[in-house]
Structure formats: C-alpha cells, structure tokens
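2 protein chains.
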Amino acid sequence: MNRLLQDLRIVEFSAFVAAPLGGMTMAQCGAEVIRIDPIGGAIDHNRWPVSDSGASLYWAGLNKAKRSVALALDKPEGRELAQAIATAPGPGGGIVLTNLPPLTGLDYGSLKAKREDVILLRLIGNRDGSAAVDYTVNAASGFPLVTGNSGAGGGGLPVNHVLPAWDIAAGLYLATALLAAERHRARTGAGQEVVAALSDVMLATVGNLGYVGDVHVNGRARPAIGNDLYGSFGRDFATADGRRIIIIALTPRQWRAIGRATGLAEKLAMVGTIMEVDLETETGRYEARDAIAALLARWCAGRTLAEIRDAFSGTGVLWGPFQSFIELVRDDPRCSPQNPLFADVEQPGIGRYPMPGLPLDFTAAPREPTRPAPRLGEHTGQVLSEVLGLSAGEIARLHGAGIAAGPNLA
Amino acid sequence: MNRLLQDLRIVEFSAFVAAPLGGMTMAQCGAEVIRIDPIGGAIDHNRWPVSDSGASLYWAGLNKAKRSVALALDKPEGRELAQAIATAPGPGGGIVLTNLPPLTGLDYGSLKAKREDVILLRLIGNRDGSAAVDYTVNAASGFPLVTGNSGAGGGGLPVNHVLPAWDIAAGLYLATALLAAERHRARTGAGQEVVAALSDVMLATVGNLGYVGDVHVNGRARPAIGNDLYGSFGRDFATADGRRIIIIALTPRQWRAIGRATGLAEKLAMVGTIMEVDLETETGRYEARDAIAALLARWCAGRTLAEIRDAFSGTGVLWGPFQSFIELVRDDPRCSPQNPLFADVEQPGIGRYPMPGLPLDFTAAPREPTRPAPRLGEHTGQVLSEVLGLSAGEIARLHGAGIAAGPNLA
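Chains as they are written, first to last, in our numbering: chain A, 1 to 410; chain B, 1001 to 1410.
This is how it looks when you write it as structure tokens:
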C-alpha cells in the first residue's frame, strides 16, 4: 500500500486473476477500488486453495485493499446501482475494469450515456469474442510442448505451467492501460474503451521473445531441453542431501565465477578444448553444456545444499536452490515479515498470516500497512451511502428487498 | 503503436526481458524510448533465438519502436553523454528505466543532481542487492516442484517454466510504476526513485495466489497434478490423430456444455452418483476428475482434432488444442496478419516477418503501424543532435574518438 493514486476511484467487475490483479495493483497504490460482485459472490469466490472452513486464500490474495459491494446483478435495480457507482461523478471516478462479459447497462455505450468521460478497460478471451482462459491460451502458445522433457524423451506430452502467467501479464497490462487512459483523460477530458484479448497477450509475448520470428525466418522452433537454459549454460543438479539447485552462466563473469568457486576452472577450460568451442561465448557454453554439466553434477553430488551455499557465497556464481512452497515459506527469509514486502495481516474469515504488499517501492510514497481483502459485501452500505448518497432508510430497503447485501448475507 | 504517450521521453539502460519489455510497452504507447547500449551492444544483443546470420530475433522482439544510441559507457565521456540524455530538460523527459547495476553517474543521486525531478525506475534481483534472475527466482518459487509430473510419479524432479514469466511480470509492473510516478510528478513536481526486486515480484505473486497462506493457514501445499486443473476439472487428452487438447470446466455452464457436446451427459451424471459428489461444484468435479477423464479420454481418442473442433463448435465447451510454436505460426490465424495485432515488418538485419504490436486496443488512440526494433546505434547521431543539441562536427568527433557509434560501427 501507498497513497500514490489516492484520488482515483476504480470499479471492478471481475473474477479469477487478471482483472482482480490489475485492480489490486491500483488499490495497493492507494486508489479506491470497489469490486462489485453478485450477492453470494462471483465464480471465483471459493477458488482453491481454501482454508479448512472453505474460505478462499486465493480470493483473499487477489482482492486485498479493495472495498467489496454485493448487489443483485441479476435484477435491473441491482444493475442500475452498479452502473450508478461506476459512473458516479468526481474527477478520479468513472473508471471501470472488467474481465467478465458485460451485463446489461454495464457495456461501454450504457456507461458512456451516464458519464461521457468514462474509461472502460475490458479483458476478453479472443479478439472475436469467443472464450479463452489461461489454460487454453497456454495450450495454444507453444510453450507446453517445450517445457520439461516434453520433447523426444517425454514422448511429446505437453506440460502446462501452473503459474497463471498469461492472466498475470494481462492483469498488469490492464493496470498500465488504466493509467495511460486516465492520463489521456486528465489531459483531454476524453474517456475511452480499452480492450485486450488474453490470446493477444499470449501472442504478443510469443512474438516479443522471438519465437514467431524463429519459425518465419528460420523455419524452426526451439526444442524441449528440460531445465537447460536455451542458448547459454544453465541446468539443475542434485545435491548430496537430496535437494536440487540451478546454476546459470549467462555472462562471461558468471561463467568464470563457477570455475573459481568450484575449483574446476582448469577442467572446465579443457572442456572447451575437447569440445572445440569458446566457453566465453553463450553459444559455446550451450554447445558444450552436457560436458560442463558432467563436471558440475559430480561436484554438486558430493556436497550438501549448505556446503554449496557456503562455497558459492560471495563468489558471483548465479545459482539457487529449488524450493517447494513449504520450503519457500518455512526456510526462505525473503518470504516472511523479515522482508518489508510481507506483513502479518488478519484476514477476516481466515486468520492471521503474512501477506505480501506491492512489489514496488516508491520513495515518494512510502509503503503503508498491508490491508486484507474485504469480506464479501463488507462495504455495500458504506459505498451506497458515500458514493451514491443513499439514505440509511433506502439502504435498509435495498437490503430487505434482496437488491443489496452486507457481509452477513453476502 | 499508438500516440497516447507521445509527450514522454524515457531513457532505458537494460538487457534481456524485464526493463526492455517495460520500455517497449511505453514505446508502443507512443512514448519516445531511447535505449542506450554500450558500443557493440549489451549482453542480450545476441540472445537466442537468432537468425542464421546471428541476428537476435529476441532482441528485435523486445526493443521494437525504440531509438537506439550506442555510447562508450566504459569511458567517463560516454557516461556523461548518457547522463545528459537521461536528464535532458522538457516536461516529459527525465524518466529512466533500468534493470542493470547503475554505472557511475547514472545512479539516482547523480541523476537527481542534474535534474531535480528525475524519475528512476530500477529493477534489482533481490532486495538486499544480490543477484537473481528469472531462472533462480523461479527455482525458489515453489512452482517447478508442482509443474508437470514432478510429484510422486516424476520423482520430485523440478520442471522450470520456459516462458520467462517473472521477467514479464516485472517488466509490466515497471510500466505501471512508471506511469504512476509520472502522474505523481505531473501533479506535484516531484520525481522519485522506484525500486522493484525480481524476487519480490515472485514472492508477491505466490502470496497473491494463496500459496503462502496455504502453508501458514493449512500447513500444506498443493501437489503436482500434471496438467490437471487444481480444484475443478481440467485435463489434457489425446485425439485419434495424435494431437492433444485441453478441456476445462470451471463453471457449471462449461461443465454442462461438455455433457451436451459429447453426448455423455447421462454417463457423466452417473459418475457423480458412483463417486458420491455433486458435479455442479468445482470441488465435486475435482474429486471425480479421474472418472470424468476416463469417459472423456475414450471420446477424444475416437475422434480427430478436426472432428472434435466440429463437435465443440458453438457449444460453449471451453477447450483448445496444444500447438507447437510451428503449429501456432503456421495453422493459427490469430498468429498472423489476419489478426490486427500482427503486421509484416521489415526488421533491419533480419528481414520481413509478422511482428506483434501492443496487445491493447485504445479506442481514443488508434493502432498505428508496428515499428521494428532499431539497428544498434541507429539513432546515436540523431539523439545527440536533437536531445543534446550537439553540432555535426562535435558528433563526428565523438564517433572518431570511439565515444559514440552509429549503426555501422555499433
């Protein structure tokens, strides 16, 4: 949390990762972000991982620092209230972020009719309007067929990523687009609709990394090479105590550091000689990677992780251990309140645990306490009062009529 | 490309993915982005994939629409010129983006001494200043040990992602931070330094998705489950013609669509009965996933990809084929100039091939032609003249003295 964007109000109609992450990033920069959900919650409200009582740690993680409003979005009166909140006046208001199909009254035309300068940021699946999610977009991307040993050795079986990387990229593209569109509005007075397709986020990325050009220009594509680093040296190794580590040499300096820290410099130089490559070049290291790895594998296999950590400490070797989620949380001090990124936070309905804030430190806007996610509907009454100016009586009527819900009913 | 940010000038000292992607995103929104490299190029200049002549398709992909300046950054005079460009006057200037260790004169203090309101955005490895790259951060994240069959069946071997997902997220966080910091400067006159650690980007993401909380609150972590979708139904299947597809059912509607489109609705309902779960719920589908998959596997195995495509067309089934990079480029019309995202572009030194633009459509700032990456040093003379006002004679002297280089010498 910081207060950098405290004059902005963003209304979010969302589920799962992309738009919630985009909105949360704005909330963590101080914007007022109001997520409006149907009463009972959207389709992501119980998404795994969950606590033993069924409360979603995922939902809590992706909706921190927001306000939550629960409305009967299946009824005209509920949608009218949502529209009114989304288009409420004020220079920092009228910004809407969504990755859901638009409901009646919440499409760009309807919102613009209520507020001329509204900004609507909309993530869709495919550009033609058809559905696509991280799983299907990833399958199409080419990456699952070069991940792990999906190549010759693995029988061509695809390996999906577990990190929802396309959704994360899409959410952060939306955050960037939101600030670019708001900047434009602040200068010109003009709102706009901004549309991104999740499949375009994937396609742009595959192209940006050179893999589209590789097929067009070279008529080929990179193979699956396990955990090896494509085009330079990088591989994972087993330690004497059953752990695994990755060692990387992207630069000549990193390469020379490996030789010095392991005492294998002379033998590694001989690898260059026998393989007839220049190990000072990335291409040379890539070509000789199996021979290099043979030496390093034996060195690692004779040492525990702790011994390797000692041997590499301060040497400039670029390396790291593989950690399970449990090892990350229990053993890695970076993943604890020792790191200012984390704070112990009481999450309603779940309990107290370390939650990350924004992974950005703005020196002009100091880090403030991490705020938990709201309970569903926690701010329904407040927002109806503060943003729409409804009276307590009117808000009570809406609750009674099942149009609005607070945290106990939501 | 659009012209949304055409009044901004951003100077980039960068390599590889994160800062180059952040800068390119700004350039594709119309900002003038000047990437300053050492003469001969930075360490990413020949990064794979490359063309047969050794030109990097990766560098071309991540530096589109920028201007390139090549200076002797190992000499004081080269660094002074870089500093002068970075801190040149003008309301949209004085914004510096980097993911490299700061050179003398290019740290925040030195830049601020030249331009009080400078904004420096800096990506580092770890918060303590130690090195970390996508590969090491990913190893620490927990994800490689739940990717693919790295669990029981796979002997606990980690599987790295091939997509540099942490770098991509970091680059887009930097783009968001840049616009947030520039917005703050436009309102207050104050610049600032913004620092992000790549490992914090990873840690925040693992936490946001609920996996840090899962360990703290539940004392457990999700297992490796191959390509299955955690907590609902999703799995990959083989087709009769040797392809593989993924089928997903996150929502009840998607679930019912599978039953209708395959004609297996009644049998799938019986799966719910024999497994004693409610298949309308995500948890029920997850528990019964092997039984569900047994029916769907047989259905898919009896049909070609084309037949499955016909059977699922217009039914609301959420699915997609796995594609290699070659299949993506050759067979998927989304990855071609039929998609407005792509345009055939002549890339100097490589040739003509379809390049993606920005995966965002701003209705108030129409998409403009995709611009290729510069040749290294292509704009050295122009920038020295336009930004610093140097004379042709002085620029010639700098070239002669090996302080500056144009595209032929760079």
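Even glycine gets a Cβ: it sits at the ideal position worked out from N, Cα and C.
The structure displayed is predicted, hence computed values, not measured ones.
Simplified DSSP assignment, three categories, for residue i
i                       : result
residue 268 of chain A  : helix
residue 1006 of chain B : coil
residue 374 of chain A  : coil
residue 96 of chain A   : strand
residue 986 of chain B  : The requested residue 986 of chain B does not occur in the structure, where chain B is confined to residues 1001 to 1410.
residue 1058 of chain B : helix
residue 1323 of chain B : coil
residue 1190 of chain B : coil
residue 1035 of chain B : strand
residue 1410 of chain B : For residue 1410 of chain B, the predicted model reports a pLDDT of 49, less than 50, meaning its position is unreliable; a value from the coordinates is still stated below. Residue 1410 of chain B falls in the coil class under three-state DSSP.
residue 118 of chain A  : coil
residue 392 of chain A  : helix
residue 405 of chain A  : strand
residue 1014 of chain B : coil
residue 1243 of chain B : coil
residue 1248 of chain B : strand
residue 1069 of chain B : strand
residue 1288 of chain B : coil
residue 294 of chain A  : helix
Best match in the options for proximity to residue i [C-alpha to C-alpha]
i                       : options                        : result
residue 207 of chain A  : B:1355, B:1290, B:1176         : B:1355
residue 142 of chain A  : B:1328, B:1337, B:1347, B:1053 : B:1328
residue 1402 of chain B : B:1063, B:1377, B:1104, B:1309 : B:1377
residue 261 of chain A  : A:299, A:365, A:333, A:11      : A:299
residue 1314 of chain B : B:1275, B:1124, B:1063, B:1258 : B:1258
residue 338 of chain A  : B:1032, B:1077, B:1128         : B:1128
residue 1340 of chain B : A:126, A:42, A:23              : A:126
residue 149 of chain A  : B:1138, B:1162, B:1139, B:1140 : B:1162
residue 1214 of chain B : A:47, A:182, A:179             : A:47
residue 1083 of chain B : B:1001, B:1057, B:1102         : B:1102
residue 1305 of chain B : B:1032, B:1388, B:1184, B:1238 : B:1238
residue 1053 of chain B : B:1350, B:1072, B:1406         : B:1350
residue 1037 of chain B : B:1023, B:1015, B:1371, B:1303 : B:1015
Within-7 Å CB hit, residue i to chain B
i                      : result
residue 160 of chain A : yes
residue 337 of chain A : no
residue 123 of chain A : no
residue 4 of chain A   : yes
residue 287 of chain A : no
residue 13 of chain A  : no
residue 28 of chain A  : no
Rounded C-alpha distance that separates residue i from residue j
i                       : j                       : result
residue 1242 of chain B : residue 218 of chain A  : 26 Å
residue 1044 of chain B : residue 1059 of chain B : 7 Å
residue 1267 of chain B : residue 231 of chain A  : 49 Å
residue 169 of chain A  : residue 270 of chain A  : 43 Å
residue 30 of chain A   : residue 6 of chain A    : 5 Å
residue 1020 of chain B : residue 1366 of chain B : 23 Å
residue 1251 of chain B : residue 70 of chain A   : 20 Å
residue 1120 of chain B : residue 1095 of chain B : 6 Å
residue 1147 of chain B : residue 1198 of chain B : 21 Å
residue 1212 of chain B : residue 1173 of chain B : 21 Å
residue 1013 of chain B : residue 1116 of chain B : 20 Å
residue 393 of chain A  : residue 61 of chain A   : 34 Å
residue 1254 of chain B : residue 166 of chain A  : 21 Å
residue 1387 of chain B : residue 1090 of chain B : 10 Å
residue 1075 of chain B : residue 1381 of chain B : 18 Å
residue 1087 of chain B : residue 136 of chain A  : 45 Å
residue 1181 of chain B : residue 1256 of chain B : 47 Å
residue 1301 of chain B : residue 1287 of chain B : 23 Å
Residue i Cβ short of 6 Å to the ligand ADP heavy atom set
i                       : result
residue 1194 of chain B : The model depicted lacks the ligand ADP and carries no ligand whatsoever.
Neighbour flag for residue i against chain A, beta carbons, 7 Å
i                       : result
residue 1051 of chain B : yes
residue 1110 of chain B : no
residue 1116 of chain B : no
residue 1033 of chain B : no
residue 1237 of chain B : no
residue 1248 of chain B : yes
residue 1184 of chain B : yes
residue 1216 of chain B : yes
residue 1344 of chain B : no
residue 995 of chain B  : Here chain B covers residues 1001 to 1410 and nothing more, so residue 995 of chain B does not appear.
Could you tell me which uninterrupted beta strand (DSSP E) segments, each at least 3 residues in length, are contained entirely in the region 1306–1366 of chain B, listed from first to last along the chain?
1318–1321, 1342–1347, 1351–1356
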